[in-house]
Amino acid sequence: VSVEGQKGQFTVVALPTAAEAGFLGGPLGTGGIIAIVVAAVALALGLVFVLRRE
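When we follow this note's numbering, the leftmost residue of the sequence shown carries the number 193, and every step to the right adds one.
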């Protein structure tokens, strides 16, 4: 690359795209699955708590 008489070079580093990495960046491990289940249970309990109060 030449800019105003000065020369230099650069390297393009491409990150993997979503299609290459798979859904959500790859497979979920056990910890990820447990976190999703815990979040779903917490949301369900919160919904039940709110609906029973009214």
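Built from N, CA and C at the ideal position, the CB exists for glycine as well.
Check, Outcome
"Rounded C-alpha distance that separates residue 198 from residue 223", "51 Å"
"Segment limits, alpha helix (DSSP H) that includes residue 202", "Looking at the DSSP string, residue 202 is not in any alpha helix (DSSP H), and its letter there is neither H nor E."
"Alpha-carbon spacing of residue 237 relative to residue 227, whole angstroms", "15 Å"
"Through-space distance from residue 200 to residue 206, alpha-carbon basis", "20 Å"
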